[in-house]
Amino acid sequence: MENKQIVKNFYELVVSKNSLQELYQYISKDCLLNIGNEKIPFGLEGMREHLVAIKKTYPDYTIKILRQFSDGDYVISEILMEGTHEGEWMGIKPTHKKLVFTGVNIDKVINGKIVEHGGSVNTFETLLEHDLIRPV
Numbered sequence: 006m007e008n009k010q011i012v013k014n015f016y017e018l019v020v021s022k023n024s025l026q027e028l029y030q031y032i033s034k035d036c037l038l039n040i041g042n043e044k045i046p047f048g049l050e051g052m053r054e055h056l057v058a059i060k061k062t063y064p065d066y067t068i069k070i071l072r073q074f075s076d077g078d079y080v081i082s083e084i085l086m087e088g089t090h091e092g093e094w095m096g097i098k099p100t101h102k103k104l105v106f107t108g109v110n111i112d113k114v115i116n117g118k119i120v121e122h123g124g125s126v127n128t129f130e131t132l133l134e135h136d137l138i139r140p141v
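Counting from 6, one number per residue, gives the positions in the sequence shown under the working numbering.
Here you go:
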């Protein structure tokens, strides 16, 4: 399977459908989380914990890939994330509103598994639009 399809399947099938039992098929046990120039050991268990936390806040959370680009082992995905805010998040009490976020994820795929994951989500725009934060 092509790297772009592996990443698309991971987000749209495994993450969106909460099929955590299939994580091992997509995420390397040695997966790293990229935050800026830092590479933090994350692994399969770190990814599982991350996804469980997201589902506690947004139980119906889904990710849709809008566009993808690849360069060698790297896959860049423009994503649309949607979920109903049912759990406290960043100090914000549940609003029970359906929130939509845009973002970009960058994943490195080697031998059919994601070995590095990083990205950025435009939380500011969505939180401001729903009056969950206010400008100073």
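Don't be surprised by glycine CBs; every beta carbon is placed ideally from N, CA and C.
With a contact defined as Cβ atoms closer than 8 Å, lysine 113 and aspartate 78 qualify at about 5 Å. Under DSSP, histidine 135 shares a beta bridge with no residue. DSSP, reduced to helix, strand and coil, places phenylalanine 47 outside both helices and strands of the structure shown, so it counts as coil. Under DSSP, the beta-bridge partners assigned to glutamine 73 are Ser82. Using a C-beta cut-off of 8 Å, the segment 41-53 makes no contact with the segment 68-84, since fewer than three inter-stretch Cβ pairs fall below that distance. The C-alpha of glycine 92 lies about 16 Å from the C-alpha of threonine 67. Check the Cα spacing between glutamate 17 and each of Thr107, Lys102, Gly88 and Lys69: the tightest is with Lys69.
For isoleucine 111, the enclosing beta strand (DSSP E) covers residues 103-115.
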